[in-house]
Amino acid sequence: TFGPEDVFAYMYAVFHAPTYRARYAEFLKIDFPRLPLTSDSALFVALCGLGQRLVALHLMEAFSTSARVSFPVKHDASDKNDLIEKVEYVEGEEDGKGRVYINQRQYFEGIPADAWAFHVGGYQVCHKWLKDRKGRVLTYADKMHYGRVVAALAETITLMEAIDEAIEEHGGWPVM
Numbered sequence: 009t010f011g012p013e014d015v016f017a018y019m020y021a022v023f024h025a026p027t028y029r030a031r032y033a034e035f036l037k038i039d040f041p042r043l044p045l046t047s048d049s050a051l052f053v054a055l056c057g058l059g060q061r062l063v064a065l066h067l068m069e070a071f072s073t074s075a076r077v078s079f080p081v082k083h084d085a086s087d088k089n090d091l092i093e094k095v096e097y098v099e100g101e102e103d104g105k106g107r108v109y110i111n112q113r114q115y116f117e118g119i120p121a122d123a124w125a126f127h128v129g130g131y132q133v134c135h136k137w138l139k140d141r142k143g144r145v146l147t148y149a150d151k152m153h154y155g156r157v158v159a160a161l162a163e164t165i166t167l168m169e170a171i172d173e174a175i176e177e178h179g180g181w182p183v184m
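All letters in the sequence shown, in the order written, are residues 9 to 184 by this note's numbering.
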């Protein structure tokens, strides 16, 4: 048996599938999304599980460890090291991770390039979160929260790929 939470998780997974977004891109611009239903119970169960993980990440109820973000320069209250003056991403040379500078000295390190570039609702999430706090001094809680946001985005990208793989394993689109 399944309940309304399962249907929601299935829906959440389908709407996060990159192939769904690409396949129905033009339609999504002009109307509400259509939910393709499946008669394949194994696919339904697989997408429910992936959708539940996405929901937990997006509600910040579960935390991912897929991206380890650090804030290397020690806090010094006298020179306001943690003051956000600018937001600038500098790509790393080897591992696909970069730094996000918030002023000339201070930065977040270990930001995956794909998490930095991830957009939701037309906004680049990692950039906007910091930009909205420009002129403020980050607290310890702010730094921890930003790290969790980056990790959630990195895990979201992984789960979106897993959703596409699950759909392909069960016959691909259209989901029937």
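Note that beta-carbon positions come from the ideal geometry of N, C-alpha and C, so glycine has one too.
**OP:** Check the Cβ-Cβ distances between E176 and every residue of chain D, and say whether any is below 8 angstroms.
**Re:** Among the chains in the structure shown there is no chain D, since it carries only a single protein chain.
Original post:
How many Å lie between G104 and A125 at the Cα?
Top reply: Counting from one through the sequence shown, the residue named residue 104 turns up at place 96. Counting from one through the sequence shown, the residue named residue 125 turns up at place 117. Rounded to the nearest angstrom, the two C-alpha atoms are 12 angstroms apart.
**OP:** Could you give the DSSP three-state label for Y109: helix, strand or coil?
**Re:** Numbered from its first residue, the sequence shown carries residue 109 at position 101. In this structure, Y109 counts as strand in the three-state DSSP scheme.
Subject >> Euclidean distance between Cα positions of E177 and Y97 >> reply: Here residue 177 refers to the residue found at position 169 when the sequence shown is read from its first residue. Here residue 97 refers to the residue found at position 89 when the sequence shown is read from its first residue. Between E177 and Y97, the C-alpha separation is close to 37 angstroms.
Subject >> Cβ pair count under 8 angstroms reaching 3, the segment 54-62 against the segment 166-174 >> reply: Output reads yes: the segment 166-174 touches the segment 54-62.
**OP:** Sort P26, R61, R76, V15 by Cα distance to G180 and report the nearest one.
**Re:** In the sequence shown, residue 180 corresponds to position 172, counting from 1. Of the candidates P26, R61, R76, V15, the one whose C-alpha sits nearest the C-alpha of G180 is P26.
Original post:
Using the beta-carbon count (16 or more within 10 Å), is I92 buried or exposed?
Top reply: For the purposes of this step, residue 92 is taken as the residue at position 84 of the sequence shown. Buried, because 16 or more other Cβ atoms sit within 10 Å of the Cβ of I92.
**OP:** Look at the Cβ atom of A159, then the Cβ atom of F71, and state whether they are nearer than 8 angstroms.
**Re:** For this step, residue 159 is matched to residue 151 along the sequence shown. For this step, residue 71 is matched to residue 63 along the sequence shown. Cβ distance < 8 angstroms, so A159 and F71 count as in contact.
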